[in-house]
Ligand SMILES: Cc1cc2nc3c(=O)[nH]c(=O)nc-3n(C[C@H](O)[C@H](O)[C@H](O)COP(=O)(O)O)c2cc1C
């Protein structure tokens, strides 16, 4: 099975092509890693997931989605995160982290909630404060500092959260950005924050650290972002990226046709037009589908979200099915042979 073969990028080897995408567990206390996180991520590493992306981790307190999100806005968070990477590495998986700011979708108790423009996501959310240029500068610095801390905590890769209607996506989309300065208006202006964060974070990353962005390839609204817009936004910074992690939606409430592999066509378009490796995600939840997407070269890696919550040993089961018993955790062999 192609999904079970190693994937090598810039001399860094992922043991297979299965990814655990970032999934908020809402178990942190004041931003700190808890015992739950160690068990949760170690379990997927015992399950031989090639790349494990730790959930959205906030670069500032008001950048959390909830008060139970992980944080990385202070050096104090490094030891807990280091325990997570140690657990992941113990079993040979690569540890990534998603650096995030929730923007207007923050429901944390920290304030002020910030966004490109003073427009709430819905009536259930606070009306955010439109960011001053000085705050945009500070935000970029917070992503850079977060990345430096992540490297110190032992992560092999960094993912910038540019998807799902959180702050970077809010800037990118004309449905949430009504600014009249250099961060609003044209697509080039709306993409400025995304491009600056990618450029500035890349500058501080050691060569050995992989770097990727997660984007929403569509707002599912004719007046909103299209996959072509996203491709144009990423074009000038693609040289800095190892992967684009292709998701969609989340900035406005619009119906989405949720069928198996529903985001894969976006992955294919981004991969082909930008000539950059992609991670496909979204209702890809069985081995046959995983193989089809890879064989059709629609993505380079496949992320399984809810499937890995249900079944952390998805990869082990696939190894066993392929009779690759030597790749299974030795202690579990008797369950398969
Ligand atoms: C419990 C849960 C938490 C999530 N948290 C995040 C997150 O922190 N960051 C993110 O980019 N996506 C998040 N997502 C979206 C997943 O990463 C993934 O894109 C989505 O579940 C679709 O993939 P799936 O069909 O394989 O589950 C979350 C999804 C779930 C189910």
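In the numbering used here, the protein residues as written are 673 to 1009.
Positions of the beta carbon are idealized from the N, C-alpha and C atoms, including for glycine.
Scanning the stretch 827-856 for uninterrupted alpha helix (DSSP H) segments of 4 residues or longer gives 839-844, listed from N- to C-terminal end. Considering only 778, 705, 889, the residue with the shortest C-alpha distance to residue 757 is 705. In this structure, residue 728 has its beta carbon less than 6 Å from a heavy atom of ligand 1.
Residues of the same chain with a CB within less than 7 Å of the CB of residue 740, apart from the 5 flanking positions on each side, are 698, 699, 700 in chain order.
Counting along the chain, the unbroken alpha helix (DSSP H) around residue 713 starts and ends at 707-718. Going by beta carbons, residue 899 and residue 889 fall inside the 7 Å limit. Just measuring C-alpha positions, the residue of 875, 971, 720 sitting nearest residue 823 is 875.
For the set 798, 933, 770, 794, the Cα lying nearest the Cα of residue 783 is the one of 798. Apart from the 5 residues on each side of it in sequence, residue 936 sits with its Cβ closer than 7 Å to the Cβ of 952, 965, 970, 971 in its chain, given in chain order. Bridge pairing for residue 779: absent [DSSP].
Note on geometry: alpha-carbon atoms of residue 772 and residue 1009 lie some 43 Å from one another. Residue 843 is positioned such that its CB atom lies no closer than 7 Å to that of residue 867.
Nearest to residue 829 by alpha-carbon distance, out of 726, 808, 871, is 726. As the crow flies, the alpha-carbon of residue 801 is around 6 Å from that of residue 785. Secondary structure of residue 941 (DSSP, three-state): helix. No Cβ-Cβ contact shorter than 7 Å links residue 933 with residue 833.
Within the same chain, and ignoring the five residues on either side of residue 720 in sequence, the residues whose Cβ sits closer than 6 Å to its Cβ are 987, 988.
DSSP places residue 913 in the coil class of the three-state scheme, outside both helix and strand. The DSSP-derived three-state label of residue 991 is helix. For residue 964, there is no enclosing beta strand (DSSP E); the residue is part of the alpha helix (DSSP H) that begins and ends at 959-967.
Straight through space, the alpha carbons of residue 939 and residue 917 are spaced by roughly 8 Å.
Taking the Cα positions, residue 920 is about 9 Å away from residue 954.
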